[in-house]
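K.L.:
Mapping of the sequence shown onto the UniProt record's numbering: position 294 corresponds to residue 294, and the numbering continues sequentially without gaps. The C-beta atom is built at its ideal place from N, Cα and C for all residues, glycine as well.
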Amino acid sequence: MKLNKLMLFASTIIKTLALCIVLLSWSCNQNKTSEYVALEAPAQFSSSIPVDVDPALQKALIDAGDIYQLNEMYNIYSWQALIAINWPLDANGIPLKNFTDAGSPAWLKWKEAFQVYRADGKQPAAWNSPRKDTGLGLNPSILNDSDSRILLITNTPAHNVNNIADETDQAFAGKLFDQNGNVVVYEVLMNKEEFDYVVENKLYNINGQIEFSKTNTEANFPKGNFEKQELGATEIKLAWKILENSDIKERYFKDKGYIINEIIKKPELVDIGLIGFHISQKTPTGKQWVWSTFEHIDNLDQNITNVGGQNKVIHPTLTNPDCEICPVNVDVTNGGSKYSSHITEHGNYWNITRDTLNYYTDDTKLMKTQSKRMIDIPVRVKQINNMMQNYFKQQGSVWQYYQLIDTQYPLNQNAKPGISTATEYHLPESVINKPGGKPNLIFLTNISMETFFQGGNQIAGLMENSTSNMTIFGTESCMGCHSSANLINNYTITKQGVVENINGDQLSGDFSWLLNKASWEKGVPKPAPKKE
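As structure tokens, then:
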């Protein structure tokens with residue numbers, strides 16, 4: 001009886017959401033000045049980030065084998081999280097009444113990764129303190145400009161060295177170039193729950209991580225409490241494009257951003273538009289965290305807008321639909337690679353160092369990444385997107401131009417990871433349950449952040465940390481990738497005098513790659529290294 005009631009409740013929520021949006025749309029059409037009306041829970045518009053999908057409802061749907069409906073519940077949860085994280089605040093940091101009110105988004109109060117994992121390895125400033133010079137030598141006028149983003153350009157791939165300034169390199173890859181030839185830039189921020197855990201355990205530098213690892217094999221960020229409505233650790237990653245005069249700027253969540261080269265430290269203040277928004281949250285039922293990822297609708301699709309009474313086709317941000325033979329998802333800067341253009345009688349192409357192939361191009365003047373999504377957005381996600389976008393359109397909100405790609409979460413957080421080592425592995429478990437938790441989806445990627453994981457057919461060893469040469473289909477998994485995040489638990493010094501960090505095992509970083517941004521604390525002697 002209880003199961004039937006919970007199932008009916010879940011079904012009613014979905015139907016109520018659709019009905020509310022239809023009624024609100026009708027109401028707004030009847031009265032353009034009507035007051036904002038909140039949606040019914042669990043898609044209620046609120047400044048409070050949801051702690052979790054109701055654990056009892058989750059269990060009922062899992063026991064009934066209705067993962068489709070559970071996915072729908074998590075997609076509503078994802079939209080709720082996006083709304084709450086972007087809820088406008090007044091000058092005193094107090095949430096305003098309505099989501100459409102003019103104010104600073106709540107996440108601006110969160111801590112930027114480079115403010116926590118400082119270049120000098122020192123303890124971060126207190127939570128409510130303004131930006132500090134963290135060893136990057138940034139101009140005080142830039143640090144004090146709290147209304148603008150600080151985006152740091154790196155000259156070395158993030159996965160080859162520990163470098164806090166990697167806001168232009170994608171995860172384990174190089175740079176993404178938009179169709180204007182500009183590099184897409186990124187930033188990562190964390191909430192207070194995660195910040196407090198990092199500071200309390202001194203995980204913000206390598207010294208602290210080594211000391212922590214003496215008594216702990218894994219980090220364990222706060223998971224929150226559903227009954228008490230206590231939030232768990234949460235990170236967000238934002239992808240920004242530089243806005244040009246040719247862009248329709250009113251279609252973007254906009255900001256100003258300082259693009260800073262870490263070598264010359266010469267700031268450039270530009271207009272930037274949000275094209276990707278990634279939320280990862282540790283929840284009471286999500287030991288492997290819950291992953292919600294959003295994109296701008298113009299990233300890959302040719303949409304139409306009305307300009308001066310005339311319909312205009314919008315050129316996508318990350319692909320050129322007029323070049324159907326352009327090779328897709330080519331990473332031209334990974335590992336320090338360089339690229340050069342060649343014009344020949346047989347056609348034009350780009351040549352990339354560390355690569356034997358020549359890549360056809362229709363433009364030899366600008367490097368532009370031809371991005372392609374390998375896994376379509378599911379129909380169930382498109383349905384909730386359409387409802388949310390229609391509602392936002394009636395409210396005149398810029399969020400009408402954004403879409404959820406999907407939500408990844410564990411179906412059984414206590415399930416151990418599939419065995420996946422160089423010699424011990426077995427398909428499909430070592431791929432589909434690489435992180436443990438039995439994910440609801442095997443793959444989930446954001447085209448603005450994980451472009452170069454859109455590989456398609458590839459050897460299984462690339463997905464599971466093994467030597468398997470069996471061919472499978474694969475892109476990447478938020479949970480799978482982040483399960484490899486680790487603590488730094490020691491270091492060695494090579495015969496050449498190079499300091500090499502020793503990383504902990506899978507899961508030791510509790511799904512947060514930010515831990516690998518840690519630097520040695522300057523002015524403090526290193527502990528004795530592990531002997532080779």
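What does the alpha-carbon distance come out to for the pair D406 and A113?
P.N.:
Taking the first residue of the sequence shown as position 1, residue 406 is located at position 406. Taking the first residue of the sequence shown as position 1, residue 113 is located at position 113. If you take the alpha carbons of D406 and A113, they lie about 25 angstroms apart.
K.L.:
Please state whether DSSP places N385 in a helix, a strand or coil.
P.N.:
For this step, residue 385 is matched to residue 385 along the sequence shown. In this structure, N385 counts as helix in the three-state DSSP scheme.
K.L.:
If you pair each beta-carbon of the region 349-367 with each one of the region 61-74, do three or more pairs fall below 8 angstroms?
P.N.:
no
K.L.:
So, for K192: in the same chain, excluding its five sequence neighbours on each side, which residues have a beta-carbon less than 6 angstroms away from its beta-carbon?
P.N.:
Here residue 192 refers to the residue found at position 192 when the sequence shown is read from its first residue. Only W127 meet the Cβ criterion.
K.L.:
Return the residue from the list E250, Q389, D255 and D147 that minimises the CA-CA distance to W79.
P.N.:
Taking the first residue of the sequence shown as position 1, residue 79 is located at position 79. The closest CA to that of W79, considering only E250, Q389, D255 and D147, is found on Q389.
K.L.:
Starting from Y197, follow its DSSP beta bridges and name the residues at the other end.
P.N.:
Mapped onto the sequence shown, residue 197 falls at position 197. Looking at the DSSP assignment, Y197 forms no beta bridge with any residue, so it has no partner.
K.L.:
Nearest by alpha-carbon distance to K434: which of S397, G523, D178 and S477 is it?
P.N.:
Start at 1 with the first residue of the sequence shown, and residue 434 comes out as number 434. Measuring from the Cα of K434, the nearest candidate turns out to be S477.
K.L.:
State the CB to CB distance for the pair L203 and L515, rounded to an integer number of angstroms; the pair is presumed to be in contact (CB under 8 angstroms).
P.N.:
What you label residue 203 is simply residue 203 of the sequence shown in a count that begins at 1. What you label residue 515 is simply residue 515 of the sequence shown in a count that begins at 1. L203 to L515, Cβ: 6 angstroms. Contact.
K.L.:
Ignoring anything shorter than 3 residues or poking outside the region 386-424, list the beta strand (DSSP E) runs there in chain order.
P.N.:
402-408
K.L.:
Any contact of the region 239-247 with the region 194-201, i.e. 3+ C-beta pairs under 8 angstroms?
P.N.:
no
K.L.:
With burial defined as no fewer than 16 other Cβ atoms inside 10 Å of the residue's Cβ, what is the status of T234: buried or exposed?
P.N.:
Here residue 234 refers to the residue found at position 234 when the sequence shown is read from its first residue. Residue environment: T234 is assigned as buried (16 or more neighbouring CB atoms within 10 Å of its CB, all protein chains considered).
K.L.:
Please classify L487: is it buried, with 16 or more other beta-carbons within 10 angstroms of its beta-carbon, or exposed?
P.N.:
As a working mapping, residue 487 is identified with position 487 in the sequence shown. L487 should be labelled buried.
K.L.:
How many angstroms separate the CA atom of L238 from the CA atom of Q403?
P.N.:
One-based indexing of the sequence shown puts residue 238 at position 238. One-based indexing of the sequence shown puts residue 403 at position 403. So the two alpha carbons sit approximately 14 angstroms from each other.
K.L.:
Going by DSSP, which residues form a beta bridge with L89?
P.N.:
To locate residue 89, count along the sequence shown from 1; it is residue 89. Under DSSP, L89 forms a beta bridge with P95 and S104.
K.L.:
Kindly indicate the opening and closing residues of the alpha helix (DSSP H) around G208.
P.N.:
Position 208 of the sequence shown, counted from the start, is the residue given in the question as residue 208. Note, G208: alpha helix (DSSP H), I206 to S213.
K.L.:
Measure the C-alpha to C-alpha separation of A106 and Y425 and round it to an integer number of angstroms.
P.N.:
Counting from one through the sequence shown, the residue named residue 106 turns up at place 106. Counting from one through the sequence shown, the residue named residue 425 turns up at place 425. So the two alpha carbons sit approximately 44 angstroms from each other.
K.L.:
Look at the Cβ atom of P449, then the Cβ atom of Y186, and state whether they are nearer than 8 angstroms.
P.N.:
Here residue 449 refers to the residue found at position 449 of the sequence shown. Here residue 186 refers to the residue found at position 186 of the sequence shown. According to the sequence as given, residue 449 is Met; it is not Pro. Yes, Cβ-Cβ distance for M449 and Y186 is below 8 angstroms.
K.L.:
Nearest CA to the CA of G93: which residue from A56, W110 and Q209?
P.N.:
If you number the sequence shown from 1, residue 93 lands on position 93. Residue W110 is the option with its Cα nearest to G93.
K.L.:
Classify N71 as helix, strand or coil using the three-state DSSP reduction.
P.N.:
Taking the sequence shown and counting its residues from 1, the one referred to as residue 71 is at position 71. Three-state DSSP puts N71 in a helix.
K.L.:
For G308 and G273, what's the separation of their Cα atoms in angstroms?
P.N.:
The sequence position of residue 308 within the sequence shown is 308, counting from 1. The sequence position of residue 273 within the sequence shown is 273, counting from 1. So the two alpha carbons sit approximately 23 angstroms from each other.
K.L.:
Which of the three DSSP states is assigned to E227 in this structure?
P.N.:
For the purposes of this step, residue 227 is taken as the residue at position 227 of the sequence shown. E227 falls in the coil class under three-state DSSP.
K.L.:
Kindly list the residues whose CB is nearer than 6 angstroms to the CB of L366, restricted to its own chain and excluding five residues on each side of it in sequence; keep chain order.
P.N.:
In the sequence shown, residue 366 corresponds to position 366, counting from 1. So the qualifying residues of the chain are G181.
K.L.:
Return helix, strand or coil for E250, following the three-state DSSP convention.
P.N.:
Position 250 of the sequence shown, counting from 1, holds the residue named residue 250. Residue state, collapsed to three classes: helix.
K.L.:
Under the DSSP definition of a beta bridge, which residues are partnered with G286?
P.N.:
Taking the sequence shown and counting its residues from 1, one reaches residue 286 at position 286. Per the DSSP secondary-structure output, G286 pairs in a beta bridge with T283.
K.L.:
Would you call the CB atoms of H296 and T317 closer than 8 angstroms?
P.N.:
Translated into positions along the sequence shown, residue 296 becomes position 296. Translated into positions along the sequence shown, residue 317 becomes position 317. Yes, they are a contact pair.
K.L.:
Rounded to whole angstroms, how far is the Cβ of S466 from the Cβ of A422, which I believe are closer than 8 angstroms?
P.N.:
Working through the sequence shown from its first residue, we reach residue 466 at position 466. Working through the sequence shown from its first residue, we reach residue 422 at position 422. Indeed, because the Cβ distance is near 6 angstroms, the residues count as touching under 8 angstroms.
K.L.:
What residue range does the beta strand (DSSP E) around S483 cover?
P.N.:
Numbered from 1 along the sequence shown, position 483 holds the residue referred to as residue 483. S483 -> no beta strand (DSSP E), and no H or E assigned at all.
K.L.:
Are the beta-carbon atoms of P222 and G208 separated by less than 8 angstroms?
P.N.:
Start at 1 with the first residue of the sequence shown, and residue 222 comes out as number 222. Start at 1 with the first residue of the sequence shown, and residue 208 comes out as number 208. No. Outside cutoff.
K.L.:
With burial defined as no fewer than 16 other Cβ atoms inside 10 Å of the residue's Cβ, what is the status of V270: buried or exposed?
P.N.:
For the purposes of this step, residue 270 is taken as the residue at position 270 of the sequence shown. It counts as buried.
K.L.:
Whole angstroms is fine: what's the gap from K497's alpha carbon to D505's?
P.N.:
Translated into the one-based positions of the sequence shown, residue 497 becomes position 497. Translated into the one-based positions of the sequence shown, residue 505 becomes position 505. Residue 497 is actually Gly in this sequence, not Lys. G497 and D505: Cα-Cα distance of roughly 25 angstroms.
K.L.:
Can you tell which of D298, G286, E268 and I259 has the C-alpha that lies nearest to the C-alpha of G276?
P.N.:
Within the sequence shown, numbered from 1, the residue matching residue 276 stands at position 276. Out of D298, G286, E268 and I259, D298 has the C-alpha closest to the C-alpha of G276.
K.L.:
Please classify I150 as buried or exposed, where buried requires at least 16 other C-beta atoms within 10 Å of its C-beta.
P.N.:
For the purposes of this step, residue 150 is identified with residue 150 of the sequence shown, where counting begins at 1. A residue is called buried once 16 or more other Cβ atoms fall within 10 Å of its Cβ, and I150 is buried on that count.
K.L.:
For F443 versus G474, is the C-beta distance shorter than 8 angstroms?
P.N.:
As a working note, residue 443 is residue 443 in the sequence shown. As a working note, residue 474 is residue 474 in the sequence shown. Contact: yes.
K.L.:
What are the boundary residues of the beta strand (DSSP E) that L427 is part of?
P.N.:
Here the question's residue 427 lines up with position 427 in the sequence shown. Here L427 belongs to no beta strand (DSSP E), and DSSP marks it neither H nor E.
K.L.:
So N385 and Q408 are in contact, right, with Cβ under 8 angstroms, and what is the actual spacing, rounded?
P.N.:
Within the sequence shown, the letter at position 385 stands for residue 385. Within the sequence shown, the letter at position 408 stands for residue 408. About 17 angstroms; that fails the 8 angstroms criterion.
K.L.:
What is the residue span of the beta strand (DSSP E) that V313 lies within?
P.N.:
Start at 1 with the first residue of the sequence shown, and residue 313 comes out as number 313. Here the beta strand (DSSP E) through V313 covers Q310 to V313.
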